[in-house]
Amino acid sequence: MQLLLASIGLFAVASAARLVETDKCTAILVGAKASKSGSPMTTQTNDCSSCDFRIAKVPQKTHAAGSQRDVVLVSQVYPRYGNFLNIKRFTTLTISALVGTGRGAPEYFKENQQNNFFNWTETKGIGQIPQVATTYGYIEGVYPLINEHQLAIGESTCGANLWAKPATQGGKALFDITELARVAFERTRTAREAVQLMGDLAVQYGYYGAEWEGDAVYSEAGETLTVTDTKEGWVFHILPDDSGASAVWVAQRVP
64 MQLLLASIGL FAVASAARLV ETDKCTAILV GAKASKSGSP MTTQTNDCSS
114 CDFRIAKVPQ KTHAAGSQRD VVLVSQVYPR YGNFLNIKRF TTLTISALVG
164 TGRGAPEYFK ENQQNNFFNW TETKGIGQIP QVATTYGYIE GVYPLINEHQ
214 LAIGESTCGA NLWAKPATQG GKALFDITEL ARVAFERTRT AREAVQLMGD
264 LAVQYGYYGA EWEGDAVYSE AGETLTVTDT KEGWVFHILP DDSGASAVWV
314 AQRVP
């Protein structure tokens, strides 16, 4: 009987692990020396069973001096603008019917959604960082894809032994990987600049992993981005640090 119970317990643990880790993205990077054209390139398989894969164009924008940029709790399901988690005993209620105008893409505007499904709610930031005078335009799907200066990324979530909670969810960290990449696309022209900016922001404001889905986040606490421009390709790794308010990161150029 004890052997039977132990077997059932192991099966339940294994089944739960499979349920948590069903999405398996793969990031792909071709270095300049391996490319026939002499330019690096990157892409990814975005293996997500519930993501919103629409393509949106975020325009170049100018901003008033002293303005702030909202950082949002990211959602990857439709309409893919913001998220709010209300965690109660044994139950996680996810409200993803959040929209917004901050990125300037009509796909996220409240008036462009199908109002017979949800009472769409404007997204509120979980924190702010100082805004810059001009932000570059870019094309995004679930993640940012390429900006007007041909900065591009691929993405793959990784497991990590350290994890953190976002601000408003009992933690201190402000950024996930999607918002980090968005800020990089808005503010940088090269892969080298993007890697440095993402690392600096994560260290300063805190990093909590991929899309926040509650405390079971070990399988998505780490991240890899493959970052390219017209000349260089980089692999960027990041995970939360042990304070829950910063990050540990490293990057390697791929020739």
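Note that my numbering gives residue 79 to position 16 of the sequence shown, counting from 1, and the numbers run on in steps of one. Quick reminder that beta carbons are idealized off the backbone N, C-alpha and C, glycines included. Since this is a predicted model, take the numbers as computed values, not measurements.
message = Please tell me whether Lys-187 and Gly-307 are closer than 8 Å, where the distance is taken between their beta carbons.
response = Residue 187 sits at position 124 when you count from the first residue of the sequence shown. Residue 307 sits at position 244 when you count from the first residue of the sequence shown. Not closer than 8 Å, so no.
task = State the CB to CB distance for the pair Phe-238 and Tyr-268, rounded to an integer number of angstroms; the pair is presumed to be in contact (CB under 8 Å).
result = Counting from one through the sequence shown, the residue named residue 238 turns up at place 175. Counting from one through the sequence shown, the residue named residue 268 turns up at place 205. About 6 Å; that satisfies the 8 Å criterion.
query = Which partner residues of Tyr-201 appear in the DSSP bridge assignment?
reply = As a position in the sequence shown, residue 201 is number 138, starting the count at 1. Partner(s): Val-121 and Asn-210.
ask   = Quick one: what does DSSP say Asp-22 is sitting in, helix, strand or coil?
value = The structure shown does not extend to residue 22, since the chain is modelled only from 64 through 318, so no value can be given for it.
query = If Gln-194 and His-126 are in contact, beta carbons under 8 Å, what's the gap, nearest whole angstrom?
reply = The residue you call residue 194 lines up with position 131 of the sequence shown. The residue you call residue 126 lines up with position 63 of the sequence shown. Going by Cβ atoms, the distance from Gln-194 to His-126 rounds to 5 Å, so yes, they are a contact pair.
query = Mapping DSSP to helix, strand and coil, what is Leu-243?
reply = Walking along the sequence shown from the start, residue 243 turns up at place 180. Here Leu-243 sits in helix by DSSP.
message = Using only CA atoms, which one of Ala-95, Leu-214, Ala-265 and Thr-287 lies nearest to Leu-243?
response = Indexing the sequence shown from 1 puts residue 243 at position 180. If you compare the alpha carbons of Ala-95, Leu-214, Ala-265 and Thr-287 with that of Leu-243, the shortest gap goes to Ala-265.
key: Sub-8 Å separation of Leu-136 and Gly-217 beta-carbons   = Reading the sequence shown from its first residue, position 73 is the one you call residue 136. Reading the sequence shown from its first residue, position 154 is the one you call residue 217. No; because the gap between Cβ atoms is not below 8 Å, this pair is not in contact.
ask   = Can Val-290 and Ala-254 be called in contact, C-beta distance under 8 Å?
value = The sequence position of residue 290 within the sequence shown is 227, counting from 1. The sequence position of residue 254 within the sequence shown is 191, counting from 1. Going by C-beta atoms, Val-290 is nearer than 8 Å to Ala-254.
task = Just confirm the distance between the C-beta atoms of Ala-273 and Ile-240, as a whole number of angstroms; I'd bet it's less than 8 Å.
result = One-based indexing of the sequence shown puts residue 273 at position 210. One-based indexing of the sequence shown puts residue 240 at position 177. Indeed they touch by this definition, with Cβ atoms about 6 Å apart.
Distance, Thr-164 Cα to Ser-282 Cα = Locating residue 282 in the sequence shown gives position 219, where the first residue counts as 1. Locating residue 164 in the sequence shown gives position 101, where the first residue counts as 1. Taking the straight line joining both Cα atoms gives about 32 Å.
message = So Val-121 and Arg-166 are supposed to be a Cβ contact under 8 Å. How far apart are they, rounded?
response = In the sequence shown, counting from the first residue as 1, residue 121 sits at position 58. In the sequence shown, counting from the first residue as 1, residue 166 sits at position 103. Contact holds; Cβ gap of about 5 Å.
request  = Assign Arg-252 to one of three DSSP states: helix, strand, or coil.
outcome  = Against the sequence shown, residue 252 aligns to sequence position 189. DSSP places Arg-252 in coil when its eight states are reduced to three.
ask   = What did DSSP end up calling Glu-174 once you bin it into helix, strand or coil?
value = Taking the first residue of the sequence shown as position 1, residue 174 is located at position 111. Three-state result, Glu-174: helix.
query = Can the beta-carbon of Ala-314 be found less than 8 Å from the beta-carbon of Gly-222?
reply = Numbered from 1 along the sequence shown, position 251 holds the residue referred to as residue 314. Numbered from 1 along the sequence shown, position 159 holds the residue referred to as residue 222. One thing to note: Ala-314 has its Cβ no nearer than 8 Å to the Cβ of Gly-222.
request  = Work out the CA separation of Lys-96 and Glu-295 for me, nearest whole Å.
outcome  = As a first step, residue 295 is located in the sequence shown; it is residue number 232 there, counting from the start. As a first step, residue 96 is located in the sequence shown; it is residue number 33 there, counting from the start. When rounded, the distance between both Cα atoms is 10 Å.
ask   = Going by C-alpha distance, which of Tyr-199, Glu-286 and Trp-275 is nearest Val-140?
value = Counting from 1 along the sequence shown, the entry for residue 140 is found at position 77. Comparing Cα-Cα distances from Val-140 to each of Tyr-199, Glu-286 and Trp-275, the minimum goes to Trp-275.
key: Expected contact under 8 Å - CB spacing of Ala-215 and Leu-208 to nearest Å   = Locating residue 215 in the sequence shown gives position 152, counting from the first residue. Locating residue 208 in the sequence shown gives position 145, counting from the first residue. That belief holds up - the Cβ atoms of Ala-215 and Leu-208 are roughly 6 Å apart, short of 8 Å.
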